[in-house]
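What follows is one structure encoded as structure tokens, with my remarks underneath.
There are 4 protein chains.
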Amino acid sequence: MADIDAVRRHIESDAYCETLGIDLVSLEEGMAKTRLEVTDDLTNFHGTPHGGAIYSLADAAFAAASNSDGETAVALETNISYLEAVEVGTVLTATADKTHDGGRTAEYEVVVADEGDERIATFRGRVYKP
Amino acid sequence: MADIDAVRRHIESDAYCETLGIDLVSLEEGMAKTRLEVTDDLTNFHGTPHGGAIYSLADAAFAAASNSDGETAVALETNISYLEAVEVGTVLTATADKTHDGGRTAEYEVVVADEGDERIATFRGRVYKP
Amino acid sequence: MADIDAVRRHIESDAYCETLGIDLVSLEEGMAKTRLEVTDDLTNFHGTPHGGAIYSLADAAFAAASNSDGETAVALETNISYLEAVEVGTVLTATADKTHDGGRTAEYEVVVADEGDERIATFRGRVYKP
Amino acid sequence: MADIDAVRRHIESDAYCETLGIDLVSLEEGMAKTRLEVTDDLTNFHGTPHGGAIYSLADAAFAAASNSDGETAVALETNISYLEAVEVGTVLTATADKTHDGGRTAEYEVVVADEGDERIATFRGRVYKP
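Listed below in structure tokens is the structure:
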């Protein structure tokens, strides 16, 4: 069992999250919450927030939750459902919860929501622990 | 039927792709290829390329291919399978092909490969044309 | 708004569910629960319950829940994660809940569990309402 | 390396496929093709072929292809996209191909088509080799 503060500092050293502006809001064993304000830099050619940015927010919560016990876990498979369009300027959060732990693999569900707690996207991922 | 050069210029105006360094390599109706060099800015806390960056590369090819006829298409559902780890510095390409067109929805498959043409990830996505 | 008993009788007329032995346990608007005893007829060549049978149980709950308001809904995309192996003779249930309703599409999550309430599989599906 | 005829006989002993009427049409290392005539027994409450039956056909091809070298492989994650409606009486085939082999896991793509070779559904699956 690792020290959760040390794990948190390790997770917060994520360069990609810094590039996009994704923050780790909370971290517990098997759970994590991330946050992203959708700026103009994160829009697609339609002028709306890029699916890749929304996915990345969810994936960051998934990675944090699945590595929260200090053991390395790598993504095998993920899927995402885009449910509602969002505007530039929206602050999104992604909340990841462990739904199953099978030893060598584990499953996480992630819900992306806006400030009004409306569900924007649902993400599900499976990790492998080498 | 839109002018493919005009569509290409529109797709290349993608702010998110510019943020990450994703380039549009080629565009034809129903097909697109994108390219990304995985720099240190795109790594996760394990020091390896972030899943969100690989997904974003695939998603950018998917978005380009599915909007290549000038008609707006938005992502409904996507999934990705992470097959091989890659090193920082690797140049990845994602090639999207239309596998089905049902009028209101269409399906695309995207293969992410490294310089040696090894498959790194497989992505599948479905769009809705409003 | 349709009469839920009439909708239930319609859903219970499902020939495929009768072929496999899948029963509708409960039905409410946006929710459904199905049940299947995994018999020898439903095993694969490894002698264990076939993934297709487990999927079909989940899919039946998804179909019931997504058609529970009497409006036709058809499956667009689904995915399933197989989490635990089960023995022949196990009685499985699948519980489907609506997680988002976007008008033309809706999303459902389905959890498959054994008698001891252990999660065996997770299913997520998206429907289109023509 | 196992004897492909012995592997084929083993795969053809699948009780679930016999229950549904799914036949193994061809088997080679990393590839398999299955066939199903959609009878009235396989319809849902809308009177059209059940998604579970179409999935099962694809899953049977996936299982055959992923076990074609005689080594046990079990499904971790699968997803399916339903592209075209089909009529009762249609004869469907599912063709599975290995798209990646990573040692402990492997990925397969399966295309379901009708007699006229129109794509009805696309399936992707990942197996784990214990």
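Chains as they are written, first to last, in full-length UniProt numbering: chain A, 1 to 130; chain B, 1 to 130; chain C, 1 to 130; chain D, 1 to 130. Heads up, the beta-carbon is just placed ideally off N, CA and C, and yes, glycines get one too.
Can you find a CB in chain A that lies within less than 8 Å of the CB of residue i?
i	result
Glu77 (chain D)	yes
Asp59 (chain B)	yes
Ser26 (chain B)	no
Gly52 (chain C)	no
Arg124 (chain C)	yes
Does residue i come within less than 8 Å of chain B when only Cβ atoms are used?
i	result
Glu84 (chain D)	yes
Thr95 (chain D)	no
Ala63 (chain A)	yes
Thr90 (chain A)	no
Assuming residue i contacts residue j under a Cβ cut-off of 8 Å, what Cβ separation, rounded to an integer in Å, is found between them?
i	j	result
Thr34 (chain B)	Ala60 (chain B)	5 Å
Ser56 (chain A)	Leu20 (chain A)	6 Å
His46 (chain C)	Thr72 (chain D)	7 Å
Ala65 (chain D)	Gly30 (chain D)	6 Å
Ala121 (chain B)	Val112 (chain B)	4 Å
Gly70 (chain A)	Val7 (chain A)	5 Å
Please tell me whether residue i and residue j are closer than 8 Å, where the distance is taken between their beta carbons.
i	j	result
Arg124 (chain B)	Ser81 (chain D)	yes
Val15 (chain D)	Asp5 (chain C)	The residue asked about is misnamed: residue 15 (chain D) is Ala in this sequence, not Val. Their beta carbons are not under 8 Å apart, which means Ala15 (chain D) does not touch Asp5 (chain C) by this criterion.
Leu42 (chain B)	Ala53 (chain B)	yes
Thr78 (chain B)	Asn79 (chain A)	yes
Val38 (chain A)	Thr90 (chain A)	yes
Leu36 (chain C)	His100 (chain A)	no
Does residue i get closer than 8 Å to chain D when you measure Cβ to Cβ?
i	result
Leu42 (chain C)	yes
Thr99 (chain C)	no
Gly102 (chain B)	yes
Tyr55 (chain C)	yes
Using 10 angstroms around the beta-carbon of residue i, count the other beta-carbons present and answer buried if the total reaches 16, otherwise exposed.
i	result
Ser68 (chain A)	buried
Ala85 (chain C)	exposed
Glu28 (chain C)	exposed
Glu109 (chain D)	buried
From the beta carbon of residue i, is the nearest beta carbon of chain C less than 8 Å away?
i	result
His46 (chain A)	no
Ser81 (chain D)	yes
Ile120 (chain D)	no
Ile4 (chain D)	no
Ala32 (chain D)	no
Thr105 (chain B)	yes
Asp14 (chain D)	yes
The ligand COA and residue i: does any heavy atom of the ligand fall closer than 7 Å to the residue's C-beta?
i	result
Leu36 (chain D)	The ligand COA is absent from the structure shown, which contains no ligand whatsoever.
For the pair the segment 9-23 of chain D and the segment 107-116 of chain B, tell me if three or more CB-CB distances fall below 8 Å. No, they do not touch.
Check whether the segment 93-103 of chain D and the segment 94-105 of chain B are in contact - that is, three or more C-beta pairs closer than 8 Å. No: fewer than three Cβ pairs fall under 8 Å.
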